[in-house]
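In terms of this note's numbering, the sequence shown opens at residue 8 and continues consecutively. From the three backbone atoms N, C-alpha and C, an ideal C-beta is built for every residue, glycine too. So the structure is just underneath, and the comments pick up after that.
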Amino acid sequence: MKKLFIITAILLSGAHIKLAAQDSTKNKKPGNAALVSNKAELQKLMDASQGNYKYQVEDYFKTPKSSNFSLSPKGKYLAYKEQNKQGKSEVKIKEISTGKVKTALEEKDKVIAAFGWASEGTLIYMMDNNGDENYHLYAVNIDGTNNIDLTPYEGVKANLLNRLPDNKDFVIVSMNLNNKQIYEPYRINTHSGKAEKLYANKDVSNPIAQFDFDKDGNIKGFTKVKNLDLERFYKAQGDRDFKLVKTTKWNDRFTILAFNYATQNPDDAYVLTDLYKDKAEIVLFDLKKQKVIKEVHLDPVYDLSNLKLSKKRNWEPDYIDYQGDKYTIKPISKSFKMIYKDLQMKFKNYEIEIAGRTDNENQYLIKVSSDRQYGKFYNYNIVTKKATLLVELKPELKEEDMAVMKPIQFKSRDGLTIHGYITLPKEALNGKKVPMIVNPHGGPHSVRDVWGFNPEAQLFASRGYATLQVNFRVSDGYGKKFFKAGYHQTGRKIMDDIEDGVHYVINQGWIDQNNVAIYGASHGGYATLMGLIKSPDLYKAGVDYVGVTNISTFFKSLPVYTGPYIEQVKYMWYDIDTPEGKKLANEMSPIYSTEKIKAPLFVVAGANDPRVNILESDQIVEALRKKGLDVPYMMKYDEGHGYIREANQLDFYKAMMGFFSQHLK
């Protein structure tokens, strides 16, 4: 879901990706290493996860042999990751016509976080350094030659903004090169690395947070942050400079998805906005006259997300997609309606994603999945209507053995409609009341849980546990009113929504109310701690994974580049710079209520985490141990805000399952 304030969401996303690092010397580990459980203690937990199970932890979390498929612009090649015998990933290039495979990239100490096509013969990819989140963008020829760092600057973070469809030798990248707090756009040649700054972003107090480019890489507009307002600038056709055309609140959506190249008016654009309705809709908008030309699509329940145009058919709108109860595609064009109808016939009862398509739009890369199918990739030829299976990502996980994820909705205690998901082991479907793990998502704002294959929930189900995921107030995708209902409710009504969800599923007869645990990452880790504090008789155990424990210290340790957006975060959480806000922040900080925690707790963190600093985990472990609780503590010194190295992930999940086996019966 595109939002200008999305940067505030990733502050606490809880996603299992590698994030940032803090400085440490070679001789001293960050944080208080004496608090970390030793190998023997953690191994004991991991050993407790063993049992006579059909599927092991590795089956759910070991990287698929082949993954991350990407179709080249002309459709001649397929790029994908493949694991070698050393457990490292290699990026392979397969020539589709001949089946010949060659290696373009090999992982060494650093993990390849993402990759894609720059042109038919060139890949671009991103890496950081052990989770420091200072990502660099690289380019490499598909035969492995000319591997260059396009952003070779120490302590600088690069973000890929645009790939230019008609000028594939260049990409547009933003970097905080001149000032760590703000980003500026650069056009970079992927063969030489030569960079050209496109615009100066000078004012830290009123920085540009988003640039709008046309398909040729020209800046058409930008949005500046001014405390809690957004100033939107645009340069209309014929104007010499950018003009302020609209001022909105920071939480108003007005995102240019694409310019309308099918019209003679260069100022027409497709815009995602909630300025006129509670739910984010897609409209065709005249940016010069600042008026809606027509509504393209609106859903009465959910915010829309994206719009896809067909360059082949004169930039005709093809389809809209968004997250509802399940991922939803709404065909618009006559051509895509026929394509999608055929795909639905071929893949009944599965979720269909358009993972990519060639420049001539004759070949599509299709991902097919469900709550019980990890995922299959197909090459779909729209001329022959033939779908060729490329790979099944995890064929060892048989669909018939996997658990069902059910969308649910219920009323909160103050009358809001809350959506979520319950994943039930087969015992629950057969009438047995089962233990449950409540899994609040990260954020808490601007993200949400979705329907689909969830390795964590499937692992839990294989051990007989249900999983509850609640899209509490402030979760993304349910409209502006629902989002705003979560302001200043972190640790308060958000926790009520989660608890209301627990009671809802208990009342359905699925859950053993005496065997409920809570586990989450980032904000979910914070919610775990608050759950143990606010509802000590509801939860038997908790797992805090990279969670906030002290709102004030969390705010003070955020990375410098979040500075321009801190007012937005404080508006949603608590303004610690005011007496009332500071008081509420302390009341909602788990570190000040540790005397209320009586359930067993397992704490997990990454030493190089800049968003939720290692000290957040250290202080809760130390405080609880002082009051006599046995708190196992896992720390990985080559990770950031969530583990992405496979070996570390396996250690974590084995230890967590061992922990739950001791406390959920």
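- Annotation for Tyr60: no beta strand (DSSP E) segment contains it, and DSSP assigns it neither H nor E.
- Annotation for Val278: the continuous beta strand (DSSP E) segment containing it runs 275 to 280.
- DSSP places Glu463 inside the alpha helix (DSSP H), whose first and last residues are 462 to 469.
- Residue pairing for Glu97: DSSP places it in a beta bridge opposite Glu89, Glu113.
- Looking at Gly647, Glu653, Pro607, Asn620, the one whose alpha-carbon comes closest to that of Lys634 is Pro607.
- Here the alpha carbon of Val278 sits roughly 37 Å from the alpha carbon of Lys99.
- DSSP lists Lys101 as the bridge partner or partners of Val108.
- Remark: C-beta atoms of Tyr329 and Phe417 do not approach each other more closely than 8 Å.
- Around the Cβ of Asp637, a 10 Å sphere holds fewer than 16 other Cβ atoms; the residue is exposed.
- When C-alpha distances from Val555 are compared across Asp332, Gln626, Asp281, the shortest belongs to Gln626.
- Counted as a single uninterrupted DSSP element, the beta strand (DSSP E) harbouring Lys383 occupies residues 383 to 388.
- Closest by C-alpha distance to Ala111, out of Ser529, Leu157, Ile149, is Ile149.
- The beta carbon of Tyr428 sits closer than 7 Å to the beta carbons of Met412, Lys413, Pro414, Ile415, Asp456, Trp458, Gln476 from its chain, once the five residues preceding and following it are set aside; these are given in chain order.
- By the criterion of a C-beta distance shorter than 6 Å, Asp483 is surrounded in its chain by Met8, Ser453, Val454, Arg455, once the five residues flanking it on both sides are discounted.
- For Ile540, the enclosing alpha helix (DSSP H) starts and ends at 530 to 541.
- With a threshold of 16 other beta carbon atoms within 10 Å, Gln380 meets it and is buried.
- Among the bridge pairs identified by DSSP, Val411 is matched with Leu431.
- In this structure Leu251 is exposed. Its beta-carbon is surrounded by fewer than 16 other beta-carbon atoms within 10 angstroms.
- Residue pairing for Pro324: DSSP places it in a beta bridge opposite Leu316.
- Gly531 places its beta carbon less than 8 Å from that of Asn446.
- Counting only residues of its own chain and dropping the five nearest sequence neighbours on each side, Arg470 has no CB closer than 6 Å to any other CB.
- Per DSSP, reduced to three states, the secondary structure at Met595 is coil, with no helix or strand assignment.
- The alpha-carbon separation between Lys333 and Ile583 amounts to approximately 38 Å.
- Looking at the DSSP output, Asn166 bridges to Ser181.
- In the DSSP assignment, Ile444 falls outside any alpha helix (DSSP H) and lies within the beta strand (DSSP E) extending over 441 to 445.
- Taking C-alpha positions only, Ile501 is separated from Leu78 by approximately 41 Å.
- Residue burial is scored here from C-beta neighbours: Tyr145 has at least 16 other C-beta atoms within 10 angstroms and is therefore classed as buried.
- When the alpha-carbon of Tyr387 is set against those of Leu350, Lys298, Phe489, Lys672, the nearest one is in Leu350.
- Residue state for Asn655 is assigned as helix, using DSSP reduced to three classes.
- When the alpha-carbon of Glu506 is set against those of Gly493, Lys284, Ile525, the nearest one is in Ile525.
- With 16 or more other CB atoms across the displayed protein chains lying within 10 angstroms of its CB, Met579 is buried.
- Counted as a single uninterrupted DSSP element, the beta strand (DSSP E) harbouring Ala265 occupies residues 261 to 266.
- In its chain, beyond the 5 residues on either side, Leu305 have a beta carbon closer than 7 Å to the beta carbon of Lys284.
- Setting aside the 5 residues that flank it on each side, Leu591 is surrounded in the same chain by Tyr581, each with a C-beta closer than 6 Å to its C-beta; the list follows chain order.
- Scanning Glu102, Asn225, Lys72, Ala612 for the CA closest to the CA of Val550 turns up Ala612.
- Unbroken beta strand (DSSP E) runs of no fewer than 3 residues, entirely contained in the stretch 212 to 245, are found at 215 to 220, 226 to 233, 236 to 241, following chain order.
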